[in-house]
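> The following block contains the structure, expressed as structure tokens.
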Amino acid sequence: MRCHAFLVGEEIPIAENDLVSNVNSFEYNHRPANISVSFEGKKVVSSPFIAGASPFTENLYACKKYLSQGWGGIIIGIGNEKNRNRTYKKGKPVSFKAHLKMNDAIQIINTLKKEFQNSIIAAQLRGDSETLEKDFNQISPIVDFVEIYCEESEDFDKAKKLGKNSLLVLNGMGYSKSICYGAKNKKEALKNFAKGFTFCVIDPSEIKRTGQGIEHLNAQTSFAMWRDGYKTIKEWCENNSSFDIEDSCEDPLINHLTNPSACIMCGKCTQCPNDAITIVPSRWIYKVDPYKCNGCGLCESVCPTGAIELVSREKSIELTSKGH
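So this is what it looks like as structure tokens:
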């Protein structure tokens, strides 16, 4: 109650039994101003921020988690090419190569559409794909839009002929009147709202705790709008272009193998952008360098068995001391 009163500018009440308690800011849903926006008149979306295609959006578990946490939508990368290496480093979404097959992506999309009817569900295809037209015709009817990522102008020209339900991206910059693609961080996203964009696609790794800090971003944006007396994000951003939403002061979480019996040593977690994870399957060794791990959570997102969790450093030390 006292925390709420402080945030909304009301007189702080005095409690009879004034006890100290802790509140996880990532779970505190506080939106004094409405930041929901309409998507082409079809649905009202709770947040203008869309999680871009990345390893974080390649499995159903992670997609459900991000939409539940407060993302307005997600983009699922699809890559049907054989033997395509998947690389990814934080802050460089251009290096992401999707490997999710079309049939698997369709299953995930259909499930998400049933559970999150007011969220944007989109797909990403690559302009250099040999099956681009076929894939576009197959996926376009079941998603809100298809992002076609192009690195060459020739691919861009080919993609323009596909249809209206496409968001074209060339060298990291998007071409859409309502959806901004290319914001490298939260501050850039806010600036683009001032330019008239309705939605902004952001790499989930740019949001603290692998995108799970999105509710903090939503709440901070909403509170700033309410505080300054604006009813729309566009109006507020036009007058606060230098404003930046800061991360909360909570200590970052780190990787920990909390369920060793579930680990199958598949090695997917070693895609870690900070090279913090080392495994030796032949000796059943799993190590995490706590000085390299920054809690981005890619490991947790790609783990197929739920063996990994993000925990506080104190919790990690406690579990390690107990032999876990």
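Take 1 as the starting number for the sequence shown in full-length UniProt numbering and just add one per residue.
Beta carbons are placed, not taken as given, at the ideal position from N, Cα and C, and that holds for glycine.
Source: prediction; values computed, not measured.
#1: Please classify C249 as buried or exposed, where buried requires at least 16 other C-beta atoms within 10 Å of its C-beta.
#2: Under the assumption that L310 contacts N255 (Cβ atoms under 8 Å), give the Cβ distance between them as a whole number of angstroms.
#3: Look up L253 in the DSSP assignment and say whether it is helix, strand or coil.
#4: If you measure between the beta carbons of V44 and N103, is that distance less than 8 Å?
#5: Over the uninterrupted alpha helix (DSSP H) stretch that includes I108, give me the two end residues.
#6: Taking Q138 as part of the alpha helix (DSSP H), name the residues at either end of that continuous run.
#7: Applying the 10 Å Cβ sphere with the 16-neighbour rule, what's the burial state of S54?
#8: Give me the residue from L170, I233 and W71 with the minimum Cα distance to A194.
#9: Just the C-alpha distance for Y230 and C237, rounded to the nearest angstrom, thanks.
#10: How would you label P48, buried or exposed, when you count the other beta carbons within 10 angstroms and need 16 or more for buried?
#11: Nearest by alpha-carbon distance to N259: which of C296, Y286 and D275 is it?
#12: DSSP three-state call for A158: helix, strand or coil?
#13: Got a sec, what are the start and stop residues for the alpha helix (DSSP H) I233 sits in?
#14: Thinking just about the alpha-carbon of each residue, which of M225, E215, F56 and S316 is nearest to the one in V288?
#15: Compute the Euclidean distance between the alpha carbons of L112 and I50, then round it to the nearest angstrom.
#16: Among the residues of its own chain, which have a CB less than 8 Å from the CB of I74, if the five just before and after it don't count?
#17: Alpha helix (DSSP H) containing V143: first to last residue?
#18: Does residue 359 pass the burial test, meaning 16 or more other C-beta atoms within 10 Å, or should it be called exposed?
#19: Looking only at its chain, what residues have a beta carbon closer than 8 Å to the beta carbon of G72, apart from the 5 residues adjacent to it on each side?
#20: Determine the closest residue to P290 out of P304, E10 and C272, with distance taken between C-alpha atoms.
#21: Tell me the rounded alpha-carbon separation between A33 and E10.
#22: Roughly how many angstroms separate the alpha carbons of I35 and Q220, rounded to a whole number?
#23: If I measure Cβ to Cβ from E206 and keep anything under 6 Å in the same chain, skipping five residues before and after, which residues do I get?
#24: Three-state secondary structure (DSSP) at I317?
#25: What's the gap between the Cα of V143 and the Cα of D128?
Put simply:
#1: Residue placement at C249 is flagged as unreliable, the pLDDT there being 46, under the threshold of 50; the coordinate-derived value follows with that caveat. With fewer than 16 Cβ atoms within 10 Å of its Cβ, C249 is classed as exposed.
#2: 6 Å
#3: coil
#4: no
#5: M102 to E115
#6: L132 to I139
#7: buried
#8: I233
#9: 9 Å
#10: buried
#11: Y286
#12: One point to set straight first is that residue 158 is Lys, not Ala, in the sequence displayed. Correct three-state label for K158: helix.
#13: I233 to E238
#14: S316
#15: 15 Å
#16: I50, A51, T57, C63, Y66, L67, L112, S119, I120, I121 and A122
#17: Note, V143: premise wrong, no alpha helix (DSSP H); not H, not E.
#18: Only positions 1 to 324 of the chain appear in the structure, and residue 359 is not among them; the question remains open.
#19: V37, V45, S46, S47, P48, F49, I50, S119, I120 and F199
#20: C272
#21: 16 Å
#22: 11 Å
#23: N185
#24: helix
#25: 21 Å
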